Amino acid sequence: MSEEKKKPVTPRPAATVLMLRDGPNGMEVFMVKRHHKIDFATGALVFPGGSADPGDGSDTVRRRADGADGLSAEALRFRTACVREAFEETGLLLCRRADKPEVLEADECAALQHYRAKLEANELDFGEFLEAENLIACLDRLAHFAHWITPAGMPKRFDTHFYVARTPARQLAKHDGSENVDSVWITPAEACAAADRGEYTVIFPTRVNIEKLDRMGKDVATAMANIDKDQVVTVLPQVTPIEGGRIMKIPAEAGYGFSEVAIKGVPGTQGNVQVIERDGQQFGLAAPLQD
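Quick note on numbering: this note's numbering labels position 256 of the sequence shown as 257, and the sequence is numbered without any gaps.
Given below as structure tokens:
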């Protein structure tokens, strides 16, 4: 194998947002089902999110954002990407009018829905959208939850920051119908149970972050308070060959309740579904690991 082939793919900056609300059975998170033609997490139940765009860290965004003071350029970009991706993929918009302190009401948000497709198609960047509608992005409503970097052996790699936010009380969430074909408000416990029953495909990083969210609290206020106090530890899984297979290690201090899991499958085989095995359960990887 050539040195060029061995060189790891550079991770793409990405952001994921867990939109939370209190439901009749406890805290719920909004999740979307990826279209089967999407090349990442095909058909899986995931949190809304995507790549961080260059415009997400623009001077315009910084001027039009609550909570931007003191943020590094990188942190600004990731937080803005969360707000933008949440709007594109769910219709929920963590913004307020420049002349009002409250987050947008349902009717105000509904009047802006036509911008979703334009943002997704890169016909305008998020700063231009904020300027056009005299909006302020409420970055201060986001709490940093997790940071995962795809292992070096993967053909597609992401440097993903996870954030959580309370859903604006009267806004309505709806998947976009293009990248995502279905959506659900679901408690973390039920998401795990439904995946175990085979009702949803949930890839490993999503699964362990659902479990971590569940441990943070059973209502949004408690969970957000605990997340604010929690220290985010970067997870860059290390894959190690062992006799009979491979193991994937993550930092124990990251708070997921484990530090290594077994990987089964043939490295680098695109048609092969590789799985992670933990406590007798198996979870899919988003893509096969390379040699």
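Positions of the beta carbon are idealized from the N, C-alpha and C atoms, including for glycine.
Remember, predicted model here, so these are calculated numbers, not experimental data.
Problem - CB-CB length for T241 against I248, believed under 8 Å - result: Counted from its first residue, the sequence shown places residue 241 at position 240. Counted from its first residue, the sequence shown places residue 248 at position 247. That belief holds up - the Cβ atoms of T241 and I248 are roughly 5 Å apart, short of 8 Å.
Handout entry: CA-to-CA distance, A192 to G27, given in whole angstroms
Key = For the purposes of this step, residue 27 is taken as the residue at position 26 of the sequence shown. For the purposes of this step, residue 192 is taken as the residue at position 191 of the sequence shown. For G27 and A192, the distance between alpha carbons rounds to 13 Å.
Handout entry: Sufficient close CB pairs (3 or more, under 8 Å) joining the stretch 193-201 to the stretch 115-126
Key = Judged by Cβ distances under 8 Å, the stretch 193-201 makes no contact with the stretch 115-126, as fewer than three pairs qualify.
Problem - Sequence-distant residues of the same chain with beta carbon closer than 8 Å to A99, five excluded per side - result: Taking the sequence shown and counting its residues from 1, one reaches residue 99 at position 98. Around A99: R65, N135, L136 and I137.
Practice task
Report yes if the CB atom of V84 is closer than 8 Å to the CB atom of L140, and no otherwise.
Solution key: Locating residue 84 in the sequence shown gives position 83, counting from the first residue. Locating residue 140 in the sequence shown gives position 139, counting from the first residue. Yes, Cβ-Cβ distance for V84 and L140 is below 8 Å.
Problem - Through-space distance from V47 to T81, alpha-carbon basis - result: Here residue 81 is taken as the residue at index 80 of the sequence shown, counted from 1. Here residue 47 is taken as the residue at index 46 of the sequence shown, counted from 1. Straight-line Cα distance between these residues: approximately 19 Å.
Practice task
Locate the alpha helix (DSSP H) running through D222, then write down its first and last residues.
Solution key: Mapped onto the sequence shown, residue 222 falls at position 221. The sequence given here places Ala at residue 222; Asp does not occur at that position. Start and end: V221 to K230.
Problem - Under the three-state DSSP convention, the category G246 falls into - result: As a first step, residue 246 must be located in the sequence shown, where it is residue number 245. G246: strand per DSSP, three-state reduction.
Practice task
Measure the beta-carbon distance from G128 to S52 and round it to whole angstroms, keeping in mind my assumption that it falls under 8 Å.
Solution key: Along the sequence shown, read from residue 1 onward, the residue named residue 128 stands at position 127. Along the sequence shown, read from residue 1 onward, the residue named residue 52 stands at position 51. Taking C-beta atoms under 8 Å as the contact rule, G128 and S52 fail to qualify, at a distance of about 16 Å.
Handout entry: Nonlocal neighbours in the same chain, by C-beta distance under 8 Å from T168, ignoring five residues either side
Key = Locating residue 168 in the sequence shown gives position 167, where the first residue counts as 1. Here the set comprises M20, L21, R22, F31, L93 and A174.
Exercise for the section: Would you kindly report the start and end of the unbroken beta strand (DSSP E) that includes G51? Expected result: Counted from its first residue, the sequence shown places residue 51 at position 50. For G51, the uninterrupted beta strand (DSSP E) run begins and ends at G50 to S52, by DSSP.
Handout entry: Per-residue DSSP class, three states only, for V209
Key = What you label residue 209 is simply residue 208 of the sequence shown in a count that begins at 1. When DSSP states are grouped into helix, strand and coil, V209 belongs to the helix group.
Handout entry: Contacts around R63, its chain only, beta-carbon distance under 7 Å, and the 5 residues preceding and following it disregarded
Key = Against the sequence shown, residue 63 aligns to sequence position 62. The beta carbon of R63 sits closer than 7 Å to the beta carbons of A69 and L77 from its chain, once the five residues preceding and following it are set aside; these are given in chain order.
Exercise for the section: Spell out the partners DSSP gives R22 in its beta bridges. Expected result: Against the sequence shown, residue 22 aligns to sequence position 21. DSSP output for R22 lists E29 as bridge partner(s).
Handout entry: Paired residues, beta bridge with R216 - DSSP
Key = For this step, residue 216 is matched to residue 215 along the sequence shown. For R216, which the question treats as bridged, DSSP gives no partner whatsoever.
Practice task
Within its chain, find whatever has a CB closer than 7 Å to the CB of D215; leave out the 5 residues flanking it on each side and keep chain order.
Solution key: The residue labelled residue 215 in the question sits at position 214 within the sequence shown. Excluding sequence neighbours, D215 sits near P189 and A190.
Handout entry: Contacts around E121, its chain only, beta-carbon distance under 6 Å, and the 5 residues preceding and following it disregarded
Key = Taking the first residue of the sequence shown as 1, we reach residue 121 at position 120. Cβ within range, chain order: E89.
Handout entry: Buried or exposed by the 16-neighbour rule on C-beta atoms within 10 Å, applied to T235
Key = On the sequence shown, residue 235 is found 234 positions in, with the first residue counted as 1. Burial call: exposed.
Problem - Cβ-based neighbour list, V18, same chain, cut-off 7 Å, excluding 5 preceding and 5 following - result: Counted from its first residue, the sequence shown places residue 18 at position 17. Once the five neighbours on either side are set aside, the close Cβ partners of V18 are F48, P49, G50, C83, E86, A87, Y164 and A166.
Practice task
Verify the CB distance criterion: does A111 have a CB-CB separation below 8 Å to chain B?
Solution key: Of the protein chains in this structure there is only one, and it is not chain B.
Handout entry: P238 burial status per 10 Å Cβ neighbour count (16 or more: buried)
Key = Translated into the one-based positions of the sequence shown, residue 238 becomes position 237. P238 is buried by the Cβ-count criterion.
Exercise for the section: Please determine, among A15, E261, R158 and V233, the residue with the shortest C-alpha to C-alpha distance to G75. Expected result: Taking the first residue of the sequence shown as 1, we reach residue 75 at position 74. Note that residue 75 corresponds to Glu in the displayed sequence, not to Gly. Of A15, E261, R158 and V233, the smallest CA-CA separation from E75 is found for A15.
Handout entry: K119 - containing beta strand (DSSP E), residue span
Key = On the sequence shown, position 118 is the one that residue 119 refers to. Membership of K119 in any beta strand (DSSP E) is not indicated; the residue belongs instead to the alpha helix (DSSP H) covering Y116 to E121.
Practice task
Check whether the Cβ of L173 sits closer than 7 Å to any heavy atom of the ligand PLP, and report yes or no.
Solution key: Annotation note on the ligand PLP: not contained in the displayed structure, which lists no ligands.
Practice task
Give the secondary structure of D57 by DSSP, where H, G and I count as helix, E and B as strand, and everything else as coil.
Solution key: Residue numbering aside, residue 57 sits at position 56 when the sequence shown is read from its first letter. D57: helix per DSSP, three-state reduction.
Problem - Pairwise C-alpha distance: F159 and D183 - result: Here the question's residue 183 lines up with position 182 in the sequence shown. Here the question's residue 159 lines up with position 158 in the sequence shown. Between D183 and F159, the C-alpha separation is close to 23 Å.
Handout entry: R80, enclosing alpha helix (DSSP H) - first and last residue
Key = The sequence position of residue 80 within the sequence shown is 79, counting from 1. For R80, the enclosing alpha helix (DSSP H) has its first and last residue at A74 to T91.
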